[in-house]
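Chains D and V supply the protein sequences, listed in that same order.
Using full-length UniProt numbering, read the first sequence as starting at 1 and increasing by one per residue.
Using full-length UniProt numbering, read the second sequence as starting at 1 and increasing by one per residue.
Ideal Cβ positions, reconstructed from N, Cα and C, are used throughout, including at glycine.
Since this is a predicted model, take the numbers as computed values, not measurements.
Worksheet: the structure to be examined is printed underneath.
Number of protein chains: 2
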Amino acid sequence: MASTEKVDPEQGKEAPPSPKPISGPSSATCTAEATCFKVDVALRVLLFASTVAAIVVLVTSKQTVRAPLPLSAKFNHSPAFIYFLVALSIAGLYSLVTTLGSISVILKPEHSSKFLLYYAIFDVLILGLVASATGTAGGVAYVGLKGNDHVRWQKVCSTFDKFCQHLAGSLAVSLFASVLLVLLVWLSVFSIHKKIPK
Amino acid sequence: MASTEKVDPEQGKEAPPSPKPISGPSSATCTAEATCFKVDVALRVLLFASTVAAIVVLVTSKQTVRAPLPLSAKFNHSPAFIYFLVALSIAGLYSLVTTLGSISVILKPEHSSKFLLYYAIFDVLILGLVASATGTAGGVAYVGLKGNDHVRWQKVCSTFDKFCQHLAGSLAVSLFASVLLVLLVWLSVFSIHKKIPK
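As structure tokens, then:
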């Protein structure tokens, strides 16, 4: 159908002059790299959305029951859930800043190597933070769900069902955010590795 | 002081013949790369030692008190600590296998790029596992230490002091192992990044 020798009419009209000659292996990976950064932006936007969703579901988890006196359950009754909220907030803020960074790289690809290096470094830290916070909140939530007979910690979720449903939702989304962070580190590492000449 | 044209007497006497011609950017990073893998081996040995230490301290945490009936605390009374033990075991086994891998790269450096890529990929997964397990165990241990008045979970560490000391020790060593895993990922990423021609 399309001939390889066909001249692109757009190119003839308004092709900007290349600022410097493209040489060596960089020319081969340039298009792929732009695609990588587009995937990077998509993952970071998804990370931002999931951290915001997890935060909203967590802070709206308050539940009050009358059994027989009014009792309420709120996420800030446990330090584990406060740590969880702080970690999610840091991850959300980080994903917002790095999304803007990735968009800037798509527009100006010169510093892509440096960005990939910084992203791999900081994404690992945020992954450690989010994974540990998810574990902390999950561990305490599990005790709330099942109780522990050995130390006589009673179940909480039989009384505060809505509260526990919110917690479970928030934990699931946070686990998804951890997976996204692993994918982001992998993407950066693969992109850096691809730049090594064979 | 020293002339740039001075001939090194050592070089003239017993310079071994190069097995194959060194070409391109690899010649500049070759010595540094061997050093990187030595640091890698050191970190992995340290990771192995710390996971084994954390496991030993965790499984020897059993304590029995008479107050007034005999009561015992053991790590397998809580699923959080079982998960912690499993994660530490996986990390320990992984560190052992990858230490051998790194030693093989020091002896035969041809496949160093591939090893660095695989290490960066799998180290991130193990980091996520150890960080989340440390968080889970830490969250439950904190409830044991401080209790939670809102849901009437009583303190455990006032009764089982030795058990809680063991837990705290195991958690501290596990946190150190998480830091080692972050350093290992960073080392791999830096080593891969260094191979990109400027």
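Residues of the same chain with a CB within less than 6 angstroms of the CB of Ala-141/V, apart from the 5 flanking positions on each side, are Leu-167 in chain order. Among the CB atoms of chain D, one or more fall inside 8 angstroms of the CB of Lys-195/V.
In this structure Lys-198/D is exposed. Its beta-carbon is surrounded by fewer than 16 other beta-carbon atoms within 10 angstroms. A Cβ-Cβ separation of about 6 angstroms places Gly-128/V in contact with Leu-127/D under the 8 angstroms criterion. Within the same chain, Leu-88, Ala-91, Gly-92, Ala-177 come within 6 angstroms of Thr-51/V by CB-CB distance, once the 5 residues on both sides are set aside. Within the stretch 147-178 of chain V, those residues whose Cβ lies closer than 8 angstroms to any Cβ of chain D are, in chain order, Asn-148, His-150, Val-151, Arg-152, Trp-153, Gln-154, Val-156, Ser-178.
With fewer than 16 other Cβ atoms inside 10 Å of its own Cβ, Thr-64/D counts as exposed. Within the stretch 77-93 of chain D, the residues whose Cβ lies closer than 7 angstroms to any Cβ of chain V are, in chain order, His-77, Ser-78, Pro-79, Ala-80. With respect to Leu-187/V, Leu-43/V sits close: the two C-beta atoms are nearer than 8 angstroms. In this structure, DSSP gives Leu-69/D a state outside helix and strand, which the three-state scheme calls coil. Distance from the CA of Ser-78/D to the CA of Ala-34/V, rounded to the nearest whole angstrom, comes to 48 angstroms. Under DSSP, Gln-63/D takes part in a beta bridge, and its partners are Ala-73/D. Beta-carbon to beta-carbon, Ala-137/D and Leu-171/D are separated by about 6 angstroms, close enough to satisfy the 8 angstroms threshold. Taking Phe-48/D as the centre and dropping the five residues before and after it, the same chain places the C-beta of Gly-92, Ser-95, Leu-96, Thr-99 closer than 7 angstroms to its C-beta, in chain order. For the UniProt domain "Casparian strip membrane protein" (36-180) of chain D, the full-length beta strand (DSSP E) segments reaching 3 residues or more read 63-66, 70-73 along the chain. For Ile-106/V, no CB of chain D lies under 8 angstroms from its own CB, so it is not counted at the interface with that chain. Using a Cβ distance threshold of 8 angstroms, Val-124/D and Val-124/V count as a contacting pair.
When C-beta distances to chain D are compared with 8 angstroms, the residues of the stretch 130-143 of chain V below that value are Ala-131, Ser-132, Ala-133, Thr-134, Gly-135, Thr-136, Ala-137, Gly-138, Gly-139, Val-140, Tyr-142, Val-143, in chain order.
Between Gly-139/V and Ala-131/D, the C-beta gap is not smaller than 8 angstroms, which leaves the two residues out of contact. Ranked by how close their Cα comes to the Cα of Phe-122/D, the residues Pro-109/D, Ala-73/D, Leu-85/D, Val-185/D have Val-185/D in first place. The beta carbon of Ser-191/D is closer than 7 angstroms to those of Glu-33, Cys-36, Leu-116 in its chain, skipping five residues each way along the sequence.
Beyond the five residues adjoining it in sequence on each side, Val-45/V comes within less than 7 angstroms, by CB distance, of Thr-99 in the same chain, given in chain order. Straight-line spacing of the CA atoms in Pro-70/D and Gly-147/D works out to 22 angstroms. Take Gly-169/D, set aside five residues on each side of it, and the residues of its chain with a beta-carbon closer than 6 angstroms to its own are Val-57, in chain order.
Taking a Cβ-Cβ threshold of 7 angstroms, the residues of chain D close to Val-185/V are Val-124, in chain order. Listed along chain D, the residues sitting closer than 8 angstroms to Ile-192/V by beta-carbon distance are Val-189, Ile-192, His-193, Ile-196. Comparing C-alpha distances from Ala-54/D to each of Ala-120/D, Lys-195/D, Phe-81/D shows the shortest one belongs to Phe-81/D. C-alpha of Ser-61/D to C-alpha of Val-86/D: approximately 16 angstroms in a straight line. Sixteen is the threshold: when 16 or more other Cβ atoms of the shown chains lie within 10 Å of the Cβ of Lys-195/V, as they do, the residue is buried.
Contact annotation: Ser-102/V and Asp-149/V have beta-carbon atoms that are not nearer than 8 angstroms.
At a Cβ-Cβ threshold of 8 angstroms, Val-189/D and Ala-120/V count as neighbours. From the beta-carbon of Gly-128/D, the residues of chain V found nearer than 7 angstroms are Leu-127, Ala-131, Ser-178, Val-182. It is roughly 22 angstroms from the alpha-carbon of Phe-160/D to the alpha-carbon of Lys-155/V. Taking a Cβ-Cβ cut-off of 9 angstroms, the neighbours of Ser-113/D in chain V comprise His-193, Ile-196, given in sequence order. Judged by DSSP in its simplified three-state form, Ile-192/V adopts helix.
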